[in-house]
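Oh and the sequence shown: position 265 is 267 in this note's numbering, straight run, nothing missing.
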Amino acid sequence: MLTKRFLLQQHGTTVRREMTAGVVSFFTVVYIVAVNASILADAGIPYEAGVIATALAACFGSLLVGLWANSPLVIVPGMGVNALFSYTVVQGMRLSWPEALAAVFVSGLLVSALAFTPLIKRLAATIPDSLKHAIGAGVGLFLAFIGLQKGGIVVPGSSSIVTLGDFGSAHTLLTLATLAVTLALYVRGVPGNLLIGIAAGTGLAAVTGQLAWDGVGTGLSLAAYGSVFGAMSFSGLSSVVFWTAVFSFVLVVLFENIGLIDAQLRLIGQPGKAARSLQAGAVSVAASGVLGTSPTVTAVESAAGISAGGRTGLTAATAGALFACAVPLGPVMRLIPDSAIAPVLILIGGLMLRGVKDIPFDDLSEWLPAFLIVAGIPLTSSIVDGMGLGFVAFPILKLAAGKRREISPVFVAIAALFVLNFALPFI
Numbered sequence: 003m004l005t006k007r008f009l010l011q012q013h014g015t016t017v018r019r020e021m022t023a024g025v026v027s028f029f030t031v032v033y034i035v036a037v038n039a040s041i042l043a044d045a046g047i048p049y050e051a052g053v054i055a056t057a058l059a060a061c062f063g064s065l066l067v068g069l070w071a072n073s074p075l076v077i078v079p080g081m082g083v084n085a086l087f088s089y090t091v092v093q094g095m096r097l098s099w100p101e102a103l104a105a106v107f108v109s110g111l112l113v114s115a116l117a118f119t120p121l122i123k124r125l126a127a128t129i130p131d132s133l134k135h136a137i138g139a140g141v142g143l144f145l146a147f148i149g150l151q152k153g154g155i156v157v158p159g160s161s162s163i164v165t166l167g168d169f170g171s172a173h174t175l176l177t178l179a180t181l182a183v184t185l186a187l188y189v190r191g192v193p194g195n196l197l198i199g200i201a202a203g204t205g206l207a208a209v210t211g212q213l214a215w216d217g218v219g220t221g222l223s224l225a226a227y228g229s230v231f232g233a234m235s236f237s238g239l240s241s242v243v244f245w246t247a248v249f250s251f252v253l254v255v256l257f258e259n260i261g262l263i264d265a266q267l268r269l270i271g272q273p274g275k276a277a278r279s280l281q282a283g284a285v286s287v288a289a290s291g292v293l294g295t296s297p298t299v300t301a302v303e304s305a306a307g308i309s310a311g312g313r314t315g316l317t318a319a320t321a322g323a324l325f326a327c328a329v330p331l332g333p334v335m336r337l338i339p340d341s342a343i344a345p346v347l348i349l350i351g352g353l354m355l356r357g358v359k360d361i362p363f364d365d366l367s368e369w370l371p372a373f374l375i376v377a378g379i380p381l382t383s384s385i386v387d388g389m390g391l392g393f394v395a396f397p398i399l400k401l402a403a404g405k406r407r408e409i410s411p412v413f414v415a416i417a418a419l420f421v422l423n424f425a426l427p428f429i
């Protein structure tokens, strides 16, 4: 049944491989449950309610993209856009968190209106291939940098932004040992190599006494969630601040999803699934407002499942089903140490750099905007800000090079939106 439903034979894959890939995707991104709940708590949403809302949103989004688009991508509340929700919209713009959830819901409706019309295809087609490749590479560097930080290999420096970590610490040594094991498994093509690497890293941490066992066996109460589910408030619907928040969410969600979905589906030669994947992501954003969390996006960690062999929606559906188990099993999953996750992020980040070879480095008006994206995403710690640097530079350089015909009016409008996004904090 699963083979027929997800067209496994046509994609040259198996149930076992797809489900293994889904487990890998889940374990590489499950950290978002605790992290997102912590950020939502800064907006006033109770932590336990945030945990449940995050897990349910990830479950819904991943199941939807798996069943609707037959895509191996995983959808979760996004890092970066959750900070926008709590620190900009709630703390900065002074919207209450129920009003912010309403803004999330409305932004999801607007993105859905675009995603289910031919306009979204035109929007995606207007983005030059050089910038699409750059987005994938930039996200890869960002992912690798996160892994290096999680593993203690790089740390904030006193006289520089970052410096080498303490290679004598148990945490860093465990990261390096797990990275060596994971790389060896990957090079040899061992099935489920990334999942085995995570298990091996967790086992190494256990035998060396580096696992934090506190909290295991405790559960989460569902009572707090009742005050968050469906708690949207539209009292600010007529205010400029509310619509500014909506615009900000639309901008971030739309372009982050377009870039990530295209970059990751290109890795497996399935760009034709982008339209339905975008549609699933858009509906998931609207559902996020109802469920009580910040907007969902396509997870960069989806690349982990893809590298583990995921090619169909069964990968995403498996991850989604596991997120449904995240609430009761949350304390157990928190046992997995950063030293076991970091090597996977580093490896996947490196693999995503492969798109750089397709950037035309003989044309400065193409490669310089691409470079700004590749460098900007990890250096600003923001996918949208990094994209914005390249998108704004592209039309400027094309005009300077006398290549006006290579700039579409739609792309100019997109660049203008990024300029507005940069200007909003100063208005």
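For each residue, glycine too, the CB sits at the ideal point set by N, CA and C.
Residue i vs residue j beta-carbon contact at 7 Å
i	j	result
residue 284	residue 113	yes
residue 263	residue 282	no
residue 61	residue 232	no
residue 302	residue 258	no
residue 341	residue 177	yes
residue 99	residue 45	yes
residue 413	residue 119	no
residue 26	residue 319	no
residue 289	residue 111	no
residue 68	residue 315	yes
residue 346	residue 306	yes
residue 230	residue 294	yes
residue 388	residue 140	yes
residue 173	residue 203	no
residue 261	residue 409	no
residue 183	residue 199	yes
residue 361	residue 369	yes
residue 104	residue 236	yes
residue 28	residue 324	yes
residue 194	residue 15	no
residue 150	residue 157	no
residue 313	residue 13	yes
Selection from the options that minimises the alpha carbon distance to residue i
i	options	result
residue 10	108, 74, 117, 96	74
residue 147	330, 77, 350, 105	350
residue 106	126, 59, 124	59
residue 359	160, 133, 6, 16	133
residue 423	394, 403, 65	394
residue 42	344, 291, 17, 246	291
residue 280	363, 96, 28, 66	66
residue 269	241, 308, 240	308
residue 77	48, 286, 384	286
residue 357	143, 97, 406, 15	143
Paired residues, beta bridge with residue i - DSSP
i	result
residue 77	300
Straight-line Cα distance separating residue j from residue i
i	j	result
residue 50	residue 79	16 Å
residue 1	residue 87	With the chain covering only 3 through 429, there is no way to say anything about residue 1.
residue 52	residue 35	8 Å
residue 91	residue 201	39 Å
residue 72	residue 327	22 Å
residue 379	residue 391	9 Å
residue 207	residue 411	54 Å
residue 94	residue 109	19 Å
residue 398	residue 238	38 Å
residue 170	residue 214	20 Å
residue 1	residue 31	Past the boundaries of the shown model lies residue 1; the chain is included only from 3 to 429, so the question cannot be answered.
residue 39	residue 255	19 Å
residue 5	residue 20	10 Å
residue 3	residue 81	35 Å
residue 243	residue 121	27 Å
residue 224	residue 48	11 Å
residue 401	residue 425	22 Å
residue 430	residue 240	Residue 430 is absent from the structure shown; the chain starts at 3 and stops at 429.
residue 296	residue 84	5 Å
residue 431	residue 337	Limits of the chain in this structure are 3 at one end and 429 at the other, which puts residue 431 out of reach.
residue 89	residue 191	43 Å
Residue-level contact to chain D via CB, residue i, 7 Å cutoff
i	result
residue 378	Protein chains in the displayed structure number just one, and chain D is not present.
My parser needs the alpha helix (DSSP H) runs of 4 or more residues fully inside the stretch 272-333; what are they? As far as the stretch 272-333 is concerned, its whole alpha helix (DSSP H) runs of at least 4 residues are 276-293, 304-309, 315-326.
Continuous beta strand (DSSP E) assignments of at least 3 residues falling wholly in the stretch 132-194: You should have 156-158, 164-166.
Would you list, in sequence order, the uninterrupted alpha helix (DSSP H) runs of no fewer than 4 residues that lie entirely inside the stretch 190-266? Runs of the alpha helix (DSSP H) inside the stretch 190-266: 195-209.
Every unbroken alpha helix (DSSP H) inside the stretch 366-409 [4 residues or more]: Contiguous alpha helix (DSSP H) elements confined to the stretch 366-409 occur at 366-382, 385-402, taking only those with 4 or more residues.
Quick check on the DSSP output: what are the complete beta strand (DSSP E) runs of length 3 or more inside the stretch 89-138, in order along the chain? Segments of the beta strand (DSSP E) lying fully in the stretch 89-138: there are none.
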